[in-house]
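Going by the numbering used here, the residue at position 230 of the sequence shown is 356; the numbering climbs one at a time, nothing skipped.
Everything on this sheet refers to the single structure shown next.
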Amino acid sequence: MAARRKMPDAVMLASELYNPFDLRRPSGIMSLDLYCGGGLPAGGLSQIDGKESVGKNWLLFQYMRQCQRIYGEKAAIAIACFETALDKAFARQCGVNIAYAEYEIEAINRKRKEDGLGPIPKAEVELMQQQLGVFVVLRGEMEATLDNVLSLTGSNAYQIIGVDSWDSMLPAEEEEKSMAKVPKVAVQAGMHTNFMHKLHATMNRRVDNKENETTIIGIRQVRQDLKAGPYQRDWASKGACALKHGKLVDITLIPGKSIVDGDKKKVGKFVNWEITKGKAGCH
127 MAARRKMPDA
137 VMLASELYNP
147 FDLRRPSGIM
157 SLDLYCGGGL
167 PAGGLSQIDG
177 KESVGKNWLL
187 FQYMRQCQRI
197 YGEKAAIAIA
207 CFETALDKAF
217 ARQCGVNIAY
227 AEYEIEAINR
237 KRKEDGLGPI
247 PKAEVELMQQ
257 QLGVFVVLRG
267 EMEATLDNVL
277 SLTGSNAYQI
287 IGVDSWDSML
297 PAEEEEKSMA
307 KVPKVAVQAG
317 MHTNFMHKLH
327 ATMNRRVDNK
337 ENETTIIGIR
347 QVRQDLKAGP
357 YQRDWASKGA
367 CALKHGKLVD
377 ITLIPGKSIV
387 DGDKKKVGKF
397 VNWEITKGKA
407 GCH
């Protein structure tokens with residue numbers, strides 16, 4: 127008779143475990159953090175959704191900025207970019223301390239030269255090359271990038287991993303097809319479902335006798351211009367059912383009125399937030 131396989135950590139007393147959700151990742155927006163129980167919970171997936179240009183990336187960068195402020199040189203952040211390359215200039219405007227590559231600085235200097243300007247001052251270059259902690263960018267095919275997200279999550283070494291965005295992912299099977307062939311939505315939904323199953327398994331696995339404290343924050347666009355009744359929105363957040371059920375917190379951003387100065391020139395906008403799903407301490 128074969129020996130029974132030992133399952134470490136499979137059965138444990140509740141008194142031996144701690145709840146990773148007690149650890150929160152704040153945005154620095156006091157009202158939002160209060161309603162989230164201190165911030166987004168560690169040890170799971172949360173999501174930011176809303177209409178175009180409402181501030182989804184801005185809010186994601188606020189969580190990353192606060193993470194760097196709290197952990198300093200020990201901050202470890204990653205972002206999976208499916209939509210476009212990481213906009214470092216915007217991230218830095220949002221307060222994220224991320225370094226420019228030498229090539230980027232050279233490109234800026236070439237443009238300055240074309241405009242009849244001198245090179246970037248040395249002191250400014252030094253600031254552009256500064257970074258607080260670790261910042262990793264994941265790019266490539268959908269399957270490989272999601273595998274890397276799972277790998278980084280499983281290491282339990284990163285406080286925040288961003289996903290930008292669920293709706294921009296393109297499976298390799300669809301990437302190789304010509305534009306004449308209609309893509310199969312089920313392929314993307316199936317990959318999301320498979321990812322969530324693996325993510326749950328990864329989150330439930332202890333690393334060095336510690337609970338997994340990784341916070342994954344995904345961005346989702348919404349389907350707009352839907353026919354709606356008097357008490358319904360004209361847009362809706364879509365996605366795979368497994369992705370919907372597996373999230374801890376959903377933050378929906380809703381555009382508000384414009385902010386104008388004394389000359390009635392638009393200088394900003396109000397953005398309303400709504401928690402459309404709250405688990406792990408922000409019910």
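Glycine included, C-beta positions come from ideal geometry on N, C-alpha and C.
It should be emphasised that the depicted structure is a prediction, and the values quoted were computed from it without experimental measurement.
Problem - C-alpha distance - Leu258 paired with Cys207, whole-angstrom precision - result: Taking the sequence shown and counting its residues from 1, the one referred to as residue 258 is at position 132. Taking the sequence shown and counting its residues from 1, the one referred to as residue 207 is at position 81. About 20 angstroms.
Exercise for the section: Just grab the DSSP bridge partners of Gly404 for me. Expected result: Working through the sequence shown from its first residue, we reach residue 404 at position 278. Val375, per the DSSP bridge assignment.
Problem - the segment 344 to 353 / the segment 155 to 162 touching (three or more Cβ pairs under 8 angstroms) - result: no
Exercise for the section: Output the distance between the C-alpha atoms of Gln219 and Arg236, rounded to the nearest integer angstrom. Expected result: Residue 219 sits at position 93 when you count from the first residue of the sequence shown. Residue 236 sits at position 110 when you count from the first residue of the sequence shown. Each residue's Cα considered, the two are about 22 angstroms apart.
Problem - Neighbourhood of Leu212 by C-beta distance below 7 angstroms, restricted to the same chain and skipping five residues each side - result: Sequence index remark: in the sequence shown, residue 212 carries index 86 (1-based). Excluding residues within five positions, the ones whose Cβ falls inside 7 angstroms are Ile205, Val263.
Practice task
Decide if the segment 315 to 335 is in contact with the segment 243 to 255; the criterion is three or more beta carbon pairs, one per stretch, under 8 angstroms apart.
Solution key: no
Handout entry: Proximity winner among Asn274, Gly372, Ser384, Glu232, relative to Ile322 (alpha-carbon distances)
Key = The residue you call residue 322 lines up with position 196 of the sequence shown. In the sequence on display, residue 322 carries Met and not Ile. Comparing Cα-Cα distances from Met322 to each of Asn274, Gly372, Ser384, Glu232, the minimum goes to Gly372.
Practice task
Taking 8 angstroms as the cut-off, decide whether the C-beta atoms of Pro247 and Arg238 are in contact.
Solution key: If you number the sequence shown from 1, residue 247 lands on position 121. If you number the sequence shown from 1, residue 238 lands on position 112. Contact flag unset, no.
Handout entry: Residue burial classification, Ser179 (beta-carbon count within 10 angstroms, cutoff 16)
Key = Position 53 of the sequence shown, counted from the first residue, corresponds to residue 179. Classification of Ser179: exposed, given that the 10 Å Cβ count is below 16.
Exercise for the section: Please state if the CB of Gly176 and the CB of Ile380 are separated by a distance shorter than 8 angstroms. Expected result: Here residue 380 refers to the residue found at position 254 of the sequence shown. Here residue 176 refers to the residue found at position 50 of the sequence shown. In this structure, Gly176 lies closer than 8 angstroms to Ile380 by Cβ.
Problem - Buried or exposed by the 16-neighbour rule on C-beta atoms within 10 Å, applied to Ser281 - result: Stepping through the sequence shown from its first residue, residue 281 is reached at position 155. The residue is exposed, with fewer than 16 neighbouring Cβ atoms inside 10 Å.
Practice task
In angstroms with no decimal places, state the Cα-to-Cα distance between Lys391 and Ala315.
Solution key: Walking along the sequence shown from the start, residue 391 turns up at place 265. Walking along the sequence shown from the start, residue 315 turns up at place 189. Approximately 43 angstroms, taken between the alpha carbons.
Exercise for the section: With a threshold of 7 angstroms, establish whether the CB of Leu160 neighbours any heavy atom of the ligand NAD. Expected result: Of ligands this structure carries none, so the ligand NAD is not represented either.
Exercise for the section: For Ile196, count neighbouring C-beta atoms within 10 Å of its own C-beta (all shown protein chains included) and say buried if the count is 16 or more, exposed if not. Expected result: Position 70 of the sequence shown, counting from 1, holds the residue named residue 196. Its Cβ having fewer than 16 others within 10 Å, Ile196 is exposed.
Problem - Supposed close pair Trp361, Ile377 - CB separation, criterion 8 angstroms - result: Translated into the one-based positions of the sequence shown, residue 361 becomes position 235. Translated into the one-based positions of the sequence shown, residue 377 becomes position 251. The pair is not a contact, with the Cβ atoms about 15 angstroms apart (cut-off 8 angstroms).
Practice task
Can you grab the Cα-Cα spacing for the pair Val397 / Gly181, in whole Å?
Solution key: Stepping through the sequence shown from its first residue, residue 397 is reached at position 271. Stepping through the sequence shown from its first residue, residue 181 is reached at position 55. Looking at the two C-alpha atoms, the distance is approximately 8 angstroms.
Exercise for the section: Rank Gln358, Gly163, Val222, Ala136 by C-alpha distance to the C-alpha of Leu374 and give the top, closest one. Expected result: As a working mapping, residue 374 is identified with position 248 in the sequence shown. Selected option, being the one with the closest Cα: Gly163.
Problem - Where Leu171 falls, given that 16 or more other Cβ within 10 Å makes a residue buried - result: Your numbering for residue 171 matches position 45 in the sequence shown. Counting Cβ neighbours within 10 Å, Leu171 comes out buried, since at least 16 surround it.
Exercise for the section: For Thr210, count neighbouring Cβ atoms within 10 angstroms of its own Cβ and tell me buried if that reaches 16, exposed if not. Expected result: Taking the first residue of the sequence shown as 1, we reach residue 210 at position 84. Exposed is the call here.
Exercise for the section: Any chance you could list the alpha helix (DSSP H) runs of at least 4 consecutive residues sitting entirely within the segment 218 to 300, in chain order? Expected result: 228 to 240, 248 to 254, 268 to 281
Problem - Closest residue to Met138 among Ala249, Arg331, Arg265, Gln285 (Cα-Cα distance) - result: Taking the sequence shown and counting its residues from 1, one reaches residue 138 at position 12. The candidate whose alpha carbon is nearest that of Met138 is Arg331.
Handout entry: Pick from Leu276, Gln285, Val333 that is closest to Asn320, judged by C-alpha positions
Key = Your numbering for residue 320 matches position 194 in the sequence shown. With distances taken between Cα atoms, Asn320 lies closest to Leu276.
Handout entry: Residues near Lys403 by beta carbon distance below 7 angstroms, same chain, minus five either side
Key = Residue numbering aside, residue 403 sits at position 277 when the sequence shown is read from its first letter. Cβ within range, chain order: Lys373, Val375, Asp376.
Practice task
Kindly give me the distance between the Cβ atoms of Gly169 and Glu337, rounded to whole angstroms, as I take these residues to be in contact under 8 angstroms.
Solution key: Residue mapping note: residue 169 aligns to position 43 of the sequence shown, counting from 1. Residue mapping note: residue 337 aligns to position 211 of the sequence shown, counting from 1. With 8 angstroms as the limit, Gly169 and Glu337 qualify as a contact, their Cβ atoms being about 6 angstroms apart.
Practice task
Could you check what DSSP says for Gly163 in three-state terms: helix, strand or coil?
Solution key: Walking along the sequence shown from the start, residue 163 turns up at place 37. The answer is coil: DSSP assigns Gly163 none of H, G, I, E or B.
Handout entry: Bridge-paired residues (DSSP) for Asn398
Key = Stepping through the sequence shown from its first residue, residue 398 is reached at position 272. For Asn398, which the question treats as bridged, DSSP gives the partners Ile380.
Handout entry: Top-ranked residue by Cα proximity to Gly198, from Phe187, Leu186, Asn223, Asp273
Key = Against the sequence shown, residue 198 aligns to sequence position 72. Among Phe187, Leu186, Asn223, Asp273, the Cα nearest to that of Gly198 belongs to Asn223.
Exercise for the section: Answer yes or no: do Asp290 and Ile345 have a C-beta to C-beta separation smaller than 8 angstroms? Expected result: By one-based count along the sequence shown, residue 290 stands at place 164. By one-based count along the sequence shown, residue 345 stands at place 219. Yes. Within cutoff.
Exercise for the section: For Glu395, collect the residues of the same chain with a Cβ closer than 8 angstroms to its Cβ; drop the 5 residues on either side in sequence, then sort them by chain order. Expected result: Translated into the one-based positions of the sequence shown, residue 395 becomes position 269. The identity of residue 395 in the sequence shown is Lys, whereas the question assumes Glu. Excluding sequence neighbours, Lys395 sits near Pro381, Gly382, Lys383, Ser384, Ile385.
Exercise for the section: Keeping to the same chain, check which residues put their C-beta closer than 7 angstroms to that of Leu149; ignore five residues upstream and five downstream. Expected result: As a working note, residue 149 is residue 23 in the sequence shown. Excluding positions up to five away in sequence, the list reads Ala168, Glu339.
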